[in-house]
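Trainee: Each residue of the sequence shown is one higher than the one before, counting from 415 in this note's numbering. For every residue, glycine included, the Cβ atom is placed at its ideal position computed from N, Cα and C. Predicted model, so just to flag it, every value in this text is computed and none were measured.
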Amino acid sequence: MDKIVVEGGARLVGQIPISGAKNAALPLLAAALLPSGASTYHNVPQLADVRTMAKLLGMLGWQVDDARRSLTIAPPAGKAKAKLEAPYELVKTMRASVLVLGPLVARYGRARVSLPGGCAIGARPIDQHLKGLAAMGAKVTLDHGYVDVECKRLRGATIVLDVPTVTGCENLIMAAALAKGRTVIENAAREPEVEELAVVLNKMGAKIQGAGTAVITIEGVDDLHPIEHAIIPDRIEAGTFAVAAAMTRGDVLLEGARPEHLDAVIAKLRAAGVTVAAEAGGLRVRGTGELTAVDLVTQPHPGFPTDMQAQFMVMACLAKGQTVIKEMIFENRYMHVPELGRMGADIRIDGRVAVVRGPVKLTGAKVMATDLRASASLVLAGLVASGKTEVLRVYHLDRGYEAIEKKLRAVGAKIKRAKQ
Ligand code: EPU
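#1: Tell me the start and end of each unbroken beta strand (DSSP E) in the stretch 676-744 that is at least 3 residues and wholly inside, in chain order.
#2: Is it the case that the Cβ atoms of residue 646 and residue 435 are separated by a distance below 7 angstroms?
#3: Check whether the stretch 607-627 touches the stretch 433-451, taking contact to mean three or more Cβ pairs, one atom from each stretch, closer than 8 angstroms.
#4: Hey, residue 389 and residue 630 are a contact pair by Cβ (cut 8 angstroms); roughly how many whole angstroms apart?
#5: Applying the 10 Å Cβ sphere with the 16-neighbour rule, what's the burial state of residue 556?
#6: Throw me the rounded Cβ distance for the residue 857 and residue 712 pair, which I believe falls under 8 angstroms.
#7: Please list the terminal residues of the continuous alpha helix (DSSP H) segment that includes residue 820.
#8: With DSSP run on the structure shown, which of helix, strand or coil describes residue 569?
#9: Compare the C-alpha of residue 736 against each of 771, 753, 717 and name the closest.
#10: Using the beta-carbon count (16 or more within 10 Å), is residue 767 buried or exposed?
#11: Taking Cβ positions, are residue 475 and residue 589 nearer each other than 7 angstroms?
#12: Expressed to the nearest angstrom, what Euclidean distance is found between the alpha-carbon atoms of residue 765 and residue 535?
#13: Does residue 587 come out as helix, strand or coil in the three-state DSSP assignment?
#14: Going by DSSP, name the residue or residues bridged to residue 763.
#15: Under three-state DSSP, which class holds residue 806?
#16: Tell me whether the stretch 669-681 and the stretch 803-819 touch, counting them as touching only if at least three CB pairs, one residue from each stretch, are closer than 8 angstroms.
#17: Whole beta strand (DSSP E) runs in the stretch 423-453 with 3 or more residues, listed along the chain?
#18: Take residue 795 and list the residues in its own chain whose beta-carbon comes closer than 7 angstroms to its own, dropping the five residues that flank it on each side.
#19: Is there at least one non-hydrogen atom of ligand 2 closer than 6 angstroms to the beta-carbon of residue 572?
#20: Pop quiz: residue 414 and residue 560 are said to be a contact at Cβ under 8 angstroms. What is the actual Cβ separation, rounded to whole angstroms?
#21: Below 8 angstroms, can you find three or more Cβ-Cβ pairs linking the stretch 573-590 to the stretch 540-548?
#22: On the premise that residue 705 lies in contact with residue 673, defined as a C-beta separation below 8 angstroms, what is that separation, rounded to the nearest angstrom?
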């Protein structure tokens with residue numbers, strides 16, 4: 415197993431290319447189950463989670479031809495039949511495997527998917543996905559840890575989500591794309607990745623309106639055709655490197671980053687005293703002087719993203735004064751806190767609230783986390799800590815950050831990957 419070793423203290427200067435978005439790529443790969451021919455995606459991030467989704471599509475009978483950044487996904491050839499089951503072994507390694515549910519039921523009338531169960535950051539049920547499919551006429555049964563969903567042809571329905579779930583919305587949009595009649599999803603997730611999925615499905619011939627708003631309307635069609643599409647840049651990867659630039663008082667151009675996907679993050683960076691400017695090639699971030707403590711509350715998009723909470727908490731350790739952070743999306747997303755404490759951070763947690771006192775001088779240590787963004791926050795801490803930080807269990811980072819050590823090294827960080 416690998417670890418990441420960081421020597422703190424370097425100022426980051428230069429350019430970092432932003433990869434394709436993980437959380438856009440995963441539903442887009444699942445959407446390739448819908449058309450009758452082969453679809454190709456470009457700007458596919460080279461990540462463990464993307465490889466897991468490609469493996470799942472392969473197990474279902476699709477041919478996945480990986481030419482690194484471009485990926486072609488073709489339906490089962492000749493007389494080969496689609497296999498309609500996502501097994502526990504895969505779902506347990508990646509919850510987003512549940513994204514095959516909507517497309518399989520829509521196209522084949524049936525799917526069997528292992529229930530994901532809880533995970534490191536919270537319970538994360540899929541009740542809203544299932545409620546929506548049931549409203550579209552599907553028979554949903556649970557047995558032996560699996561959910562079976564059946565319906566010859568889904569029919570349009572009005573679905574009011576209890577929470578604006580991202581993958582839940584994506585599953586229902588894909589299901590509704592081939593349903594009979596009109597589906598309206600209210601209290602829909604407004605994340606850019608949901609919008610991206612609708613753009614791609616519309617390219618395939620779907621009739622989806624309102625993605626990116628709280629009400630999405632889908633007129634079902636009879637079939638969809640294959641497409642070619644380049645995936646949007648990863649806003650969370652960009653946000654993570656923006657924090658790295660800010661913390662090291664660096665000057666970094668995040669190549670390809672889309673400011674319109676990062677409004678809440680940019681607003682908080684600016685409030686903290688960081689200079690952020692949109693440029694033709696992306697987003698320039700300059701850490702200028704003292705950092706100011708800014709409170710934050712995580713919320714569904716367009717609010718501040720939970721996927722940036724851990725990174726901002728590390729930055730708050732360097733800011734003067736008290737920062738109050740409230741995590742409203744996942745009930746257990748503070749796993750980085752005890753590890754940051756071992757590096758000298760002063761953070762107290764009370765339920766969903768974390769109070770950070772700064773500034774502190776972080777010191778390097780051996781640390782590890784059981785969640786992707788928590789692991790990223792430990793790398794950020796290592797960039798400014800005195801001495802050496804070793805971030806263990808790197809496989810979490812590899813799920814969502816493409817070659818993080820290479821990208822950071824290219825802008826001056828003293829960071830490498832080594833055997834654990
Ligand atoms: N929820 C329910 N019922 C459901 C679905 C969700 O109660 O049926 C709750 C969840 O427990 C949570 C809230 O709704 O409290 C929001 O969860 P959501 O379903 O939106 O999360 P998700 O779709 O499982 C995606 C991202 C996460 C990101 C969240 C929130 C993908 C593949 N994953 O997860 O990304 O944190 O949205 O924005 O898109 C990451 O990249 O590190 C990551 C965890």
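Mentor: Reading from the atomic positions:
#1: 688-693, 696-701, 735-740
#2: By 1-based counting over the sequence shown, the position of residue 646 is 232. By 1-based counting over the sequence shown, the position of residue 435 is 21. Result yes, Cβ atoms of residue 646 and residue 435 sit closer than 7 angstroms.
#3: yes
#4: Nothing can be reported for residue 389: it is not among the residues displayed for the chain, which extend from 415 to 834.
#5: Residue mapping note: residue 556 aligns to position 142 of the sequence shown, counting from 1. Exposed: under 16 other Cβ atoms inside 10 Å.
#6: Absent from the structure is residue 857, since the part of the chain shown begins at 415 and ends at 834.
#7: Counting from one through the sequence shown, the residue named residue 820 turns up at place 406. 818-823 is the span of the alpha helix (DSSP H), which, as asked, contains residue 820.
#8: As a first step, residue 569 is located in the sequence shown; it is residue number 155 there, counting from the start. Residue 569: strand per DSSP, three-state reduction.
#9: Against the sequence shown, residue 736 aligns to sequence position 322. The shortest C-alpha separation from residue 736 is found at 771.
#10: Working through the sequence shown from its first residue, we reach residue 767 at position 353. Residue 767 is exposed by the Cβ-count criterion.
#11: Position 61 of the sequence shown holds residue 475. Position 175 of the sequence shown holds residue 589. No, they are not a contact pair.
#12: In the sequence shown, the residue the question calls residue 765 occupies position 351. In the sequence shown, the residue the question calls residue 535 occupies position 121. Each residue's alpha carbon lies about 13 angstroms from the other.
#13: Taking the sequence shown and counting its residues from 1, the one referred to as residue 587 is at position 173. Here residue 587 sits in helix by DSSP.
#14: Stepping through the sequence shown from its first residue, residue 763 is reached at position 349. In DSSP, residue 763 forms a bridge with 768.
#15: Indexing the sequence shown from 1 puts residue 806 at position 392. Strand, per DSSP.
#16: no
#17: 427-431
#18: In the sequence shown, residue 795 corresponds to position 381, counting from 1. These residues qualify, in order along the chain: 728, 754, 757, 776, 803.
#19: Looking for ligand 2 in the displayed structure turns up nothing; the ligands present are ligand 1.
#20: Residue 414 cannot be examined here, being either before or after the span of the chain that is shown, 415 to 834.
#21: yes
#22: Translated into the one-based positions of the sequence shown, residue 673 becomes position 259. Translated into the one-based positions of the sequence shown, residue 705 becomes position 291. Not really, about 21 angstroms apart at Cβ, beyond 8 angstroms.
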